[in-house]
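Worksheet for the structure shown next.
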Amino acid sequence: MLLMLIPWSLGWQRGTDPLLARTLFWFTGHPIVYFWLLPTYVSWYTLVPRQAGANCLATLWHVGRSFSSCSCLHRWGLHHQFTDPGIGQGWKLTHAFLTFAVFFPSLLTFFNVVASPGKRRPARGGRGLLAWFAKLPWSDPSVTAQVLAMLLFAFGGIGGLVNASYSLNLVVHNTAYIVGHFHLTVGTAVTLSFMGITYWFVPVLRGRVSGVRVWRWFRAGSGLWHGGCFRLPCMTWASWGMPRAR
Amino acid sequence: MISAAPYIQPEWQALRPLVGIGGSTLFVSALLYFLNMLLTCVASHAQHPRPQRLRKRSRALRRVGPCLIAGRPWLILTAVLLLLAYGHPLFHLVSNTPLNVAGMRVW
């Protein structure tokens, strides 16, 4: 972008090119969201299992770490440009498949962050397939915020498959679905996780116990409301044709 | 002008109060969050228990193959895939772009 706009603004060239500008923008813009998401993944892999009294599943931890290392693979920005002319259909389809490929390590991440605390819970009274979930340390707002973030991120991730799809993308293009997707993933899951991390990190840094517990609960609850009660319906409303709002 | 397009249709107006309630709730909760952090830093006196150190290298880590631990193979894979996915489209665009769109000054 700077190589095009600065020379143009200085009068060194006659104009710009929207298609090239958009392509370079999404080449950069799509991976930028992962700069926010990666610290969240690191916390889900390392901090949350320890807070839940369990260890991360060993082998999958390393697969997840490698996934984090290669997260710059998330550069498949052409799925933002499925409706742009001037880019070959084959290359768009290539990016669609590569975006789908990201879903497999995401499934590993989901399995790992769920199975790690779940593996330990039966020893602490949580029996059955789901009962361990109630035995998580919900009194710790740091855990609460991050587990709620994981739950909402699952919906955001599944919704991302629609964005990546070469055909379904056209249905949700420029509708509130896109807004709902980004608010579920970055606006809710990442933000809630960052809040949860600081509920743990700031007291550790300062060596002092954190302040008013009920406020932290309110923060986590409002995040759940935001993601679950507004952004999920937002994606539903989009299926009725609700456009992106101004 | 794009920004003047009537994106909000009359049938969507009823949903606007939900946006207002949600935004207000988030605003209040954000204020409480920052106040909580501030109080933790300046007003809390109770000692926080010392956190356990993370183990540097677990036994399970040694069982995993080096290719999953090292970063270089993944970076090479990234570079190769990037070249495959973006090489031709970008080369085609850069070599064919006329750079003749006048643009629109916003200042």
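Heads up: the protein sequence lines correspond to chains A and B, in order. Under the numbering used here, think of the first position of the first sequence as 124, with each following residue one higher. Under the numbering used here, think of the first position of the second sequence as 36, with each following residue one higher. Positions of the beta carbon are idealized from the N, C-alpha and C atoms, including for glycine. Every value quoted in this text rests on a predicted model; they were computed, and no experiment measured them.
Taking 8 Å as the cut-off, the beta carbon of residue 282 of chain A is found no closer than this to the beta carbon of residue 315 of chain A. In the DSSP assignment, residue 72 of chain B falls within the unbroken alpha helix (DSSP H) covering 51 to 77.
In the DSSP annotation of this structure, the continuous segment of the alpha helix (DSSP H) that includes residue 305 of chain A starts and ends at 299 to 305. Listed as beta-bridge partners of residue 82 of chain B by DSSP are A:331. Pairing residue 200 of chain A with residue 80 of chain B, the inter-Cα distance amounts to about 49 Å.
Shown here, residue 136 of chain B sits in a strand according to DSSP, grouped into three states.
Boundaries of the alpha helix (DSSP H) harbouring residue 163 of chain A: 141 to 174, taken from the DSSP string. Taking 8 Å as the CB threshold, residue 155 of chain A stays off the interface with chain B. In the three-state DSSP reduction, residue 205 of chain A falls in the coil class, being neither helix nor strand.
Residue contact check for residue 141 of chain A against chain B: a CB pair falls below 8 Å. What residue 137 of chain B touches in chain A, judged by beta-carbon distance under 7 Å, is 138, going in chain order. DSSP, reduced to helix, strand and coil, places residue 237 of chain A within a helical segment of the structure shown.
Within chain A, no residue has its CB atom less than 7 Å from the CB of residue 48 of chain B, the nearest being about 11 Å off. Judged by DSSP secondary structure, residue 113 of chain B falls within the alpha helix (DSSP H) whose first and last residues are 107 to 131.
Counting along the chain, residue 219 of chain A sits inside the alpha helix (DSSP H) bounded by residues 212 to 224. Between the stretch 319 to 331 of chain A and the stretch 263 to 281 of chain A, the count of Cβ pairs shorter than 8 Å is three or higher; the stretches touch.
Proximity of chain B to residue 303 of chain A at the Cβ level (cut-off 8 Å) is not reached, the minimal Cβ distance being about 12 Å. The beta-carbon separation of residue 233 of chain A and residue 277 of chain A, rounded to 6 Å, stays under the 8 Å limit for a contact.
Contact with chain A is found for residue 124 of chain B, since one of that chain's Cβ atoms lies less than 8 Å from the residue's Cβ. For the stretch 215 to 226 of chain A, the set of positions with a beta-carbon nearer than 8 Å to some beta-carbon of chain B reads 217, 218 and 221 in chain order. In the structure shown, residue 323 of chain A adopts helical secondary structure according to DSSP, grouped into three states.
Note on geometry: alpha-carbon atoms of residue 270 of chain A and residue 237 of chain A lie some 9 Å from one another. In the DSSP annotation of this structure, the continuous segment of the alpha helix (DSSP H) that includes residue 269 of chain A starts and ends at 264 to 287. The continuous alpha helix (DSSP H) containing residue 132 of chain A extends over residues 125 to 132.
Per DSSP, residue 312 of chain A is not a residue of any alpha helix (DSSP H), being assigned neither H nor E. Among the residues facing chain B, residue 273 of chain A is not included, as its CB has no counterpart in that chain under 8 Å away. For residue 255 of chain A, the enclosing alpha helix (DSSP H) has its first and last residue at 254 to 257. Burial state of residue 82 of chain B is exposed, judged by a 10 Å Cβ sphere holding fewer than 16 other Cβ atoms. Taking the Cα positions, residue 63 of chain B is about 35 Å away from residue 287 of chain A.
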